[in-house]
Amino acid sequence: MEFILLDGTQKTYLQQAAGILRQAFPHCYGDCAEEEVQEMLEEGKLALGAVLAGRLAGLAGAAPRYDLTAWELHPLAVEESCRSQGVGSALVRELERWLKEKGCLTLYLGSDDEDGSTTLSEGNLFEDTFAKIRNIRNLKNHPFTFYQKLGYQIIGVIPDANGLGKPDIWMGKSLVR
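Numbering (our numbering), first residue to last: 10 to 186.
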């Protein structure tokens, strides 16, 4: 697997990136994947691609927040035929390496639970919030466990961010501790 920085000159890879986003998140990027790819290429942001056999297998983006000390990982998507083969993990690790060189201290992300994939979607998350976070369980293959395996931890939630009982789960990782 080869990692590349995506830029506006790589038309084929950018088309493949839009296709991967549409495939991975049809409800979010079904009709605007090309726009999301263009946003990833904006000045100051980082767009990383994983290439296998001449095709884009996945992509990861990051945007600086809080000057350069904290960056938001968004998005991370892997081509369906390449999932569960280490592409996503490798992309995140490579992104972390790049960001650490840029002076990033913390990498964070939001991971929505819009379909009852975790126990955080059960009941009122405004009650006993921290106990519910501490006792979270994965009910339907939610990606929070993927990120936990890479060293990320839940650092907060936004209850009902995506509708009643549909929280946004915030996760983060120190790149220097």
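Even glycine gets a Cβ: it sits at the ideal position worked out from N, Cα and C.
Three-state secondary structure assigned by DSSP to residue i
| i | result |
| --- | --- |
| Thr18 | coil |
| Glu103 | helix |
| Gln162 | strand |
| Lys182 | strand |
| Leu23 | helix |
| Glu110 | helix |
| Gly28 | helix |
| Ser126 | coil |
| Gly174 | coil |
| Ser98 | helix |
For residue i, the nearest candidate out of the options (CA to CA)
| i | options | result |
| --- | --- | --- |
| Gln162 | Arg186, Met180 and Leu68 | Met180 |
| Ile13 | Asp169, Arg64 and Glu51 | Arg64 |
| Gly97 | Gln25, Leu184, Phe155 and Ala170 | Phe155 |
| Leu61 | Ala99, Thr138 and Glu105 | Ala99 |
| Lys182 | Ala79, Glu131, Leu129 and Lys175 | Ala79 |
| Ala86 | Phe135, Tyr38 and Gly132 | Tyr38 |
| Gly174 | Glu131, Leu159 and Lys20 | Glu131 |
| Trp107 | Asn133, Thr128, Leu77 and Asn144 | Leu77 |
| Asp122 | Pro152, Asp137, Thr115 and Val185 | Pro152 |
| Gln47 | His36, His83, Pro35 and Tyr75 | His83 |
| Glu136 | Glu110, Ile167 and Leu57 | Ile167 |
| Leu114 | Ala170, Glu103 and Arg74 | Arg74 |
Whole-angstrom C-beta distance between residue j and residue i, which should lie under 8 Å
| i | j | result |
| --- | --- | --- |
| Cys91 | Gly67 | 6 Å |
| Lys54 | Ala72 | 5 Å |
| Gly125 | Lys149 | 7 Å |
| Tyr22 | Leu30 | Tyr22 to Leu30, Cβ: 13 Å. No contact. |
| Leu184 | Glu105 | 6 Å |
First and last residue of the uninterrupted beta strand (DSSP E) at residue i
| i | result |
| --- | --- |
| Ser93 | Premise fails: Ser93 is in no beta strand (DSSP E) and is neither H nor E. |
| Asp194 | The question about residue 194 has no answer, for the chain in this structure spans 10 to 186. |
Item to check | Every unbroken beta strand (DSSP E) inside the segment 36-90 [3 residues or more] | outcome: Annotation: the segment 36-90 contains the following complete segments of the beta strand (DSSP E) (minimum length 3 residues), in chain order: 55-61, 64-74 and 79-87.
Checklist entry - Which runs of the alpha helix (DSSP H) spanning at least 4 residues fall entirely within the segment 132-156, listed in chain order? => result Fully enclosed alpha helix (DSSP H) runs of 4 or longer: 138-143.
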